[in-house]
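Residue numbers (this note's numbering): 5 to 223.
This is how it looks when you write it as structure tokens:
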């Protein structure tokens with residue numbers, strides 16, 4: 005199933021694992037969301053509820069629009085990623101990225117900020133798309149990827165709900181990191197993939213403040 009395969013794709017890149025499958029937390033009917041959930045037109049949203057008290061359980065639901073999932077069934081990005089399905093692919097992947105990153109950090113008793121969650125999702129979009137395109141189009145470097153992801157996309161103020169500055173900040177940091185990563189990927193050969201993966205896996209495990217410091221230091 006597509007979302008499980010996306011979870012496996014991200015997990016494999018970063019060498020992380022969790023005990024849960026994203027489909028166990030998937031909601032495709034807004035009527036099944038908690039009554040306290042804000043009304044939204046977004047095709048993807050992660051809902052998190054934390055029980056009161058220290059060590060309280062975290063409840064998670066991932067909403068994805070059913071029409072989006074149907075479109076991805078017809079045009080599977082893991083078979084061929086192209087300009088007709090890339091927007092839907094990034095929307096679904098963002099949801100899976102949020103779910104995996106939150107669950108992995110929760111399993112290690114680490115808090116996650118919204119900035120960190122959004123920044124990692126943007127990095128995941130770039131990295132996973134690069135990995136897919138390299139497999140689907142061997143010998144061709146996706147030079148347009150950085151521009152399409154970070155320069156041709158816009159924040160929808162209706163969906164941001166007053167958090168435009170946070171999303172811009174997350175995108176700015178992710179773009180800096182991916183721009184430097186692209187320099188390594190351009191010169192990478194199959195036998196040097198391990199060095200790139202090691203960098204990505206170190207980054208994934210850094211705390212939020214260390215991530216930001218690492219990006220600023222390396223930019």
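We treat Cβ as the ideally placed atom computed from N, Cα and C, and that holds for glycine.
Pairing residue 147 with residue 22 gives a Cβ-Cβ distance that is not under 7 Å. Residue pairing by DSSP places residue 141 in no beta bridge whatsoever.
In the structure shown, the three-state DSSP call for residue 155 is coil.
Annotation: the continuous alpha helix (DSSP H) that includes residue 18 extends over 6–18.
Here residue 11 is buried: its Cβ has 16 or more other Cβ atoms, across all protein chains shown, within 10 Å. In the structure shown, residue 85 falls within a coil segment according to DSSP collapsed to helix, strand and coil. Inter-residue distance for residue 143 and residue 131 is about 17 Å (C-alpha atoms, whole angstroms). Beta bridge pairing from DSSP links residue 63 with 53. The beta carbon of residue 212 sits closer than 6 Å to the beta carbons of 117, 120 from its chain, once the five residues preceding and following it are set aside; these are given in chain order. Between residue 24 and the set 65, 152, 169, 140, the nearest pair of CA atoms involves 65.
Exclusion of the five residues before and after residue 63 leaves 53 as the residues of its chain whose Cβ lies within less than 6 Å of its Cβ. DSSP places residue 68 within a strand segment (E or B) once states are collapsed to three. Listed in chain order, the alpha helix (DSSP H) runs fully inside the region 94–138 amount to none, counting runs of at least 4 residues. Apart from sequence neighbours up to five positions away, the residues of its chain that approach residue 88 with a beta-carbon distance below 7 Å are 79, ordered along the chain. In this structure, the straight-line span from the alpha carbon of residue 29 to that of residue 215 is close to 28 Å. A Cβ-Cβ contact shorter than 7 Å links residue 128 with residue 101.
If the five residues before and after residue 125 are omitted, its C-beta is found closer than 7 Å to the C-beta atoms of 98, 101, 102, all from its own chain and listed in chain order.
By the CB criterion at 7 Å, residue 104 and residue 17 fall outside the cutoff.
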